[in-house]
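Let me begin by presenting the structure, written as structure tokens, before commenting on it.
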Amino acid sequence: MVANQTSFLPFDRATRWLTAILLALAGAVLAGCGGSGGGKGGAPDVKTVTIASIAYPYQGQQVFSGLTSVVLEQGWLKEQLAKKGVELVFQPVSTAVGGPLINEGFSGKRIDFAAYGDFPAAIAVAGGVPLKIVAPVGQGQDVYLVVRKGLAANSLADLKGKRIALHRGRPWELPFSKLVDRSGLKLDDFKIVNINPGATPAALESGSVDAAVLLSDGLLLDQKGIARVIWSTRDAPADWRMRAELFGRQDFVDAHPDLTQLVVNAYVRAAAWSSDEANKAEVIRKAARGAMPEAVVERDYANSDIAWRERFSPIFSPALRTHYHSVADYALQRGLIRNKVDADALLDERFVTQALKDLKLEGFWAQPAPGQR
Amino acid sequence: MASRAADFPVAGGAGAGFRFRLPPVGAVVPLVALLMAWQIACLTGLFPPQVLVPPSGVARALVDMTQSGELQRHVGDSLFRLTVGFAIGAVAGMAFGAVIALSRLAEAALSPLFMTLWQVPVIAFVPMMVMFLGIDEPFKLAVVAIAAFFPMALATFDGIRGVPRNWFEVAKVYRLRLPQLIRRILLPATVPAVLTGLRVSLTRAWVVLVAAELLAADSGIGQMMEMGRQLFQIDVVLAGVMVSGLIGFLLDRGARWVESRATRWRAA
């Protein structure tokens, strides 16, 4: 009895303390809210522009893939932003984490732009983080289904009941999911193992998984003899391929159209440089750096019959619009996202249009780019 | 007696004063306060509701996942792994602890290695275990078993070493044979220490299991959280945090209850 009574005394004191702490906390939160709101309404006092992109470790450094590495090397954007007193920050994101990490960065407003995949971006938009496609950065990438060495499987149906490595929430999930549907199967027909692409080769080699869904790293495994490609998006309609674009955080794009224009101009410049046949070898060398042999990159590129010039076209093609409609509808229908994503609202063409004018590149790329093979 | 009870209101596991009952109202206050602060932070609109999910949103996710059976499936898988892995690890730990406690030779030979390995976080073994065991159930059972093994072995060792030497001498006088020695003296004398070890290793095993499921699994509460992160469903992540915390809490409470029941004779 005595014990019970004593236990109530600190309770009263605790309540008083907690009330005080709670009030202080509520005050702080409200004050913080007012403060930041005021900052937003005022002049666009941006100190940095942060661009995130997938990067690979190479010779002790993080090297970016695709156009981002060209933008970085050209140094033009850094100069232009510096003139406005704005610092340019590139945020490397390892392919092991990819989209989910970028989405967390976008939602925390720590990232302003990111060159990344279609499906993670749809996940972010469905999750309440509005994004805009400010520039397409390519014509999409093929997705590969590989099986481990020694497994006698030649189609998805042969893999029924088998273990498939699939990193969830990544762009290659959608083409795979479509393949599952088209084959008249369900995801539950397989044992899906959620591991990142970095861990996948070891899992295939040790037999922990029987198959894996990958990007061009699937080709690399095929070449090394660890796995065998049994299907790729090449065997499917063109809009099954995964796409990546330069996405901008909507509130940043709306608040700073001038800075956004500079960023887009830089990517369009980089695209023009990469589209030059004379730079083909260099582009392939860059793409291969740290990630895989040049031969594999070339084979992956050769897989899709896109003319070199159009490969990095920043043009908003009808195929691009269709693609994002398909991504949004399909992901919602499959329950992978919970809210409808307005694909049309995702596309923001004005910056590329202006960039083509600024850089006198009108007519450089086919209008609209041949998104279909 | 009343004054003694006041001096030792809830005296550890060994005390007679401990009863399994609902926590006092005071214990609920910080929880409610946290929930309130959380909800207030959400109401400010400073963060998008999908990022800082309000408690009500997490509750809705819990209800949805319960209705679809998804939550039960993940919790069931995790608890199955915990049960089997823990049983293996705890029994092995007890046996190992008993061996190095009873044999000076075994102690001299094995304890340095044991002590070294014990200092390594279980998660550090994950790459090696994946190599040898794959990423299937054996891997997860091994993670749990290893997590349970060390505290269990140590507790058993301490428990047996804590038995007064003269009890063994009495056993010698009575010419007790080994099975009798174990049943009549060692078991009762070491029960409190072993039960404490069980409780510590149980909660430790749970934490390590959830962490391992985050890394490599196709189901389980840890994997549910990882999937939630990848698909940007923070409410699912937070629901997982709550459920795994609650399960850990209940495991600890349950083990404490068993501990206090089993050691009641001490106070008598």
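Protein chains in written order, with the UniProt record's numbering: chain P, 1 to 373; chain X, 1 to 268. Here a beta-carbon is modelled for each residue, glycine too, at the ideal position from N, C-alpha and C. On a predicted model such as this, the values are computed, not experimentally measured, just so you know.
Reduced DSSP secondary structure (H/G/I, E/B, other) of residue i
i, result
"ILE100(X)", "helix"
"VAL137(P)", "coil"
"GLN61(P)", "strand"
"ALA236(P)", "coil"
"ALA55(P)", "strand"
"MET185(X)", "The question names Met, but residue 185(X) is Ile in the sequence shown. If DSSP states are grouped into helix, strand and coil, ILE185(X) belongs with the helices."
"LEU347(P)", "strand"
"THR44(X)", "coil"
"PHE139(X)", "helix"
"ALA114(P)", "strand"
"SER216(P)", "coil"
"ILE230(P)", "strand"
"LEU246(P)", "strand"
"GLN223(P)", "helix"
"GLU79(P)", "helix"
"ALA211(P)", "strand"
"PHE114(X)", "helix"
"GLN67(X)", "helix"
"PRO92(P)", "strand"
"VAL49(P)", "strand"
"GLU362(P)", "coil"
Own chain, CB closer than 6 Å to residue i, minus 5 neighbours either side, in chain order
i, result
"GLU362(P)", "LEU356"
"PHE150(X)", "TRP118"
"residue 374(P)", "The displayed coordinates of chain P run from 1 to 373. Any statement about residue 374(P) would go beyond what the structure contains."
"residue 385(P)", "This structure cannot settle anything about residue 385(P), because the visible part of chain P is limited to 1 through 373."
"ARG261(X)", "none"
"ILE146(X)", "VAL122"
"LEU145(P)", "VAL213, ILE230 and TRP231"
"ARG309(P)", "SER275"
"LEU181(X)", "ALA171"
"VAL237(X)", "MET225, GLY228 and ARG229"
"ASP158(X)", "ALA193"
"LEU332(P)", "LYS340"
"VAL253(P)", "LYS132 and THR260"
"ALA153(X)", "GLY93, PHE96 and GLY97"
Contacts of residue i in chain A (Cβ-Cβ under 7 Å)
i, result
"VAL46(P)", "Checking the listed chains, one finds no chain A in this structure; the protein chains it contains are P and X."
Same chain, Cβ closer than 7 Å to residue i, five either side skipped, listed in chain order
i, result
"GLY106(X)", "The amino acid at residue 106(X) is misidentified as Gly; the sequence shows Ala. Closer than 7 Å at Cβ, skipping near neighbours: VAL99 and ILE100."
"GLY135(P)", "The sequence as given places Ala at residue 135(P); Gly does not occur at that position. If we look at ALA135(P) and ignore the five residues flanking it on each side, its Cβ neighbours are GLU245, LEU246, VAL264, TYR267, VAL268, PRO314, PHE351 and VAL352."
"PHE86(X)", "VAL144, ALA148, LEU202 and ALA205"
"LYS286(P)", "SER69"
"ARG191(X)", "The residue asked about is misnamed: residue 191(X) is Val in this sequence, not Arg. For VAL191(X), where only same-chain residues beyond five positions count, the Cβ hits under 7 Å are ALA262 and THR263."
"GLU226(X)", "LEU214"
"VAL51(X)", "ILE234"
"ASP358(P)", "ASN265"
Same chain only: Cβ atoms within 8 Å of residue i, ignoring 5 sequence neighbours per side
i, result
"LYS140(X)", "ARG81, GLY85, LEU209, ALA212, GLU213, ALA217 and GLY220"
"MET129(X)", "PHE139, ALA142 and VAL143"
"LEU347(P)", "LYS132, ILE133, PHE316, LEU320, ARG321 and TYR324"
Distance cut-off 7 Å: residue i Cβ against heavy atoms of the ligand PLP
i, result
"ALA345(P)", "The ligand PLP is not part of the structure shown, which contains no ligands of any sort."
Q.
Closer than 8 Å between beta carbons: that is the criterion. Which residues of the region 199 to 216 of chain P meet it against chain X?
A. Listed in sequence order: ALA199, ALA202, ALA203, SER206, GLY207, SER208 and VAL209.
**Q.** Where the region 244 to 263 of chain X meets chain P: residues whose CB sits under 8 Å from a CB there
**A.** none
Q | Residues of the region 210 to 230 of chain X with Cβ closer than 8 Å to any Cβ of chain P, in chain order | A | ALA216, ALA217, ASP218, GLN223, GLU226, MET227, ARG229 and GLN230
Q: For the region 108 to 142 of chain X, enumerate the residues whose C-beta is nearer than 8 Å to any C-beta of chain P, in chain order.
A: So the close ones are VAL130, MET131, GLY134, ILE135 and ASP136.
(Q) Would the region 147 to 158 of chain P count as touching the region 93 to 101 of chain X if we require 3 or more Cβ pairs under 8 Å? (A) no
Q | Where the region 119 to 133 of chain P meets chain X: residues whose CB sits under 7 Å from a CB there | A | ILE123, ALA124, GLY127, GLY128 and VAL129
Q) Touch check for the region 61 to 75 of chain X and the region 221 to 230 of chain X: three-plus C-beta pairs under 8 Å? A) yes
**Q.** Three CB pairs or more closer than 8 Å across the region 186 to 206 of chain P and the region 160 to 173 of chain P
**A.** yes
**Q.** Start-end ranges of the alpha helix (DSSP H) lying completely within the region 123 to 204 of chain P, minimum 4 residues
**A.** 173 to 182
Q: Return the chain-ordered ranges of every alpha helix (DSSP H) run that is complete within the region 248 to 327 of chain P and spans a minimum of 4 residues.
A: Those alpha helix (DSSP H) runs which fall completely within the region 248 to 327 of chain P and span 4+ residues are 250 to 255, 257 to 275, 280 to 288 and 294 to 303.
Q. Is it true that the region 228 to 247 of chain X meets the region 46 to 63 of chain X, where meeting means three or more beta-carbon pairs spaced less than 8 Å apart?
A. In this structure the region 228 to 247 of chain X lies against the region 46 to 63 of chain X, because at least three pairs of beta carbons, one per stretch, are closer than 8 Å.
Q) Which residues, taken in chain order from the region 144 to 174 of chain X, show a beta carbon closer than 9 Å to some beta carbon of chain P? A) Of all residues in the region 144 to 174 of chain X, none is placed with a Cβ closer than 9 Å to any Cβ belonging to chain P.
Q.
Using 8 Å as the cut-off, can you tell me whether the region 51 to 68 of chain P makes contact with the region 88 to 97 of chain P, which would need three or more C-beta pairs spanning the two stretches below that distance?
A. yes
Q) Of the residues that make up the region 296 to 317 of chain P, which ones have a beta carbon closer than 9 Å to any beta carbon in chain X? A) none
(Q) Check whether the region 207 to 226 of chain P and the region 134 to 143 of chain X touch, using three or more Cβ-Cβ pairs below 8 Å as the test. (A) yes
Q) Which residues, taken in chain order from the region 88 to 103 of chain P, show a beta carbon closer than 7 Å to some beta carbon of chain X? A) Of all residues in the region 88 to 103 of chain P, those with a C-beta nearer than 7 Å to a C-beta of chain X are PRO100 and ASN103, reading in chain order.
Q: Mind checking the region 334 to 353 of chain P against chain X and listing, in chain order, the residues whose C-beta falls within less than 9 Å of any C-beta there?
A: Cβ contacts with chain X come from LEU336, ILE337, ARG338 and ASN339.
**Q.** Interface positions of the region 46 to 64 of chain X facing chain P (Cβ-Cβ less than 9 Å), listed along the chain
**A.** LEU46, PHE47, PRO48, PRO49, GLN50 and VAL51
(Q) Residues of the region 83 to 106 of chain X in Cβ contact with chain P at a cutoff of 7 Å, in chain order, please. (A) none
Q) Can you find at least 3 beta carbon pairs, one from the region 167 to 186 of chain P and one from the region 101 to 120 of chain P, that sit closer than 8 Å? A) With a cut-off of 8 Å, the region 101 to 120 of chain P and the region 167 to 186 of chain P count as touching, because enough Cβ pairs lie within range.
**Q.** Inside the region 163 to 208 of chain X only - alpha helix (DSSP H) runs reaching at least 4 residues
**A.** 165 to 173
Q: Pull out every residue of the region 160 to 179 of chain P whose Cβ sits closer than 7 Å to any Cβ of chain X, in chain order.
A: ARG168 and GLY169
Q) Along the chain, which unbroken stretches of the alpha helix (DSSP H) at least 4 residues long are found entirely within the region 208 to 251 of chain X? A) 221 to 230
**Q.** Members of the region 54 to 69 of chain P that neighbour chain X once the beta carbon cut-off is set at 8 Å
**A.** If the cut-off is 8 Å between Cβ atoms, the region 54 to 69 of chain P has nothing near chain X.
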